Amino acid sequence: MSNPQHLLTASEIEAGKTEGSHPWNDKSLFRSTQLSRSLGMERSIVVHVAIPPAKESFVPHTHEREEEWVYILSGSGTAEINGKQVAVSAGDFLGFPTPSVAHHLRNTGDTELVYLMGGECLYAEASNFPTLNKRKIRFGDEVHVFDLES
Numbered sequence: 526m527s528n529p530q531h532l533l534t535a536s537e538i539e540a541g542k543t544e545g546s547h548p549w550n551d552k553s554l555f556r557s558t559q560l561s562r563s564l565g566m567e568r569s570i571v572v573h574v575a576i577p578p579a580k581e582s583f584v585p586h587t588h589e590r591e592e593e594w595v596y597i598l599s600g601s602g603t604a605e606i607n608g609k610q611v612a613v614s615a616g617d618f619l620g621f622p623t624p625s626v627a628h629h630l631r632n633t634g635d636t637e638l639v640y641l642m643g644g645e646c647l648y649a650e651a652s653n654f655p656t657l658n659k660r661k662i663r664f665g666d667e668v669h670v671f672d673l674e675s
């Protein structure tokens, strides 16, 4: 029998969804629930995400230290991986070891694109946003964004 403090039910996941978007992308829109954070996990991240049709996840980005993965649960879309457009659908798994190539996800289907996203949560991380010529450095909760040289 599961200990309730270690279980997040399907109804709790749905009720916990919050709407968000990436501030650097006006096409970004998603509903998500922080699964791992909801149960007190700090060293790894698992998030349940749903992107409406014609919307996007974030901004093409890379990770220097934290590995990231995506597992498509339902729907279809297009993953941008290292500048190439790749069709993705239910059952597909994407993995980005570090240092990672640039990646991004768009819902190009007619229904919600639903997936699990996760990875590491280290104290320090550097992420690059090649299409915006920016770099984000994070130390704990402290975040700094820099413009990169052209």
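To convert, take the position in the sequence shown, counting from 1, and add 525; that gives my numbering.
By construction, the Cβ of each residue, glycine as well, lies at the ideal position given by its N, Cα and C atoms.
Given the structure is predicted, the values throughout are model-derived calculations rather than measurements.
- Cβ neighbours of GLN559 within its own chain (closer than 7 Å, five residues either side excluded): VAL572.
- Counting only runs of 3 or more residues that sit fully inside the region 610-651, the beta strand (DSSP E) segments are 618-621, 628-631, 638-645, in chain order.
- In the three-state DSSP reduction, SER546 falls in the coil class, being neither helix nor strand.
- Secondary structure note for ALA535: its alpha helix (DSSP H) is the uninterrupted segment 535-540.
- According to DSSP, residue pairing for HIS588 in a beta bridge involves SER652.
- Spanning the alpha carbons of ASP635 and GLY600 requires a straight line of approximately 8 Å.
- Here ALA575 is bridged, per DSSP, to ARG556, VAL639.
- Going by C-alpha positions, HIS531 is about 6 Å away from LEU564.
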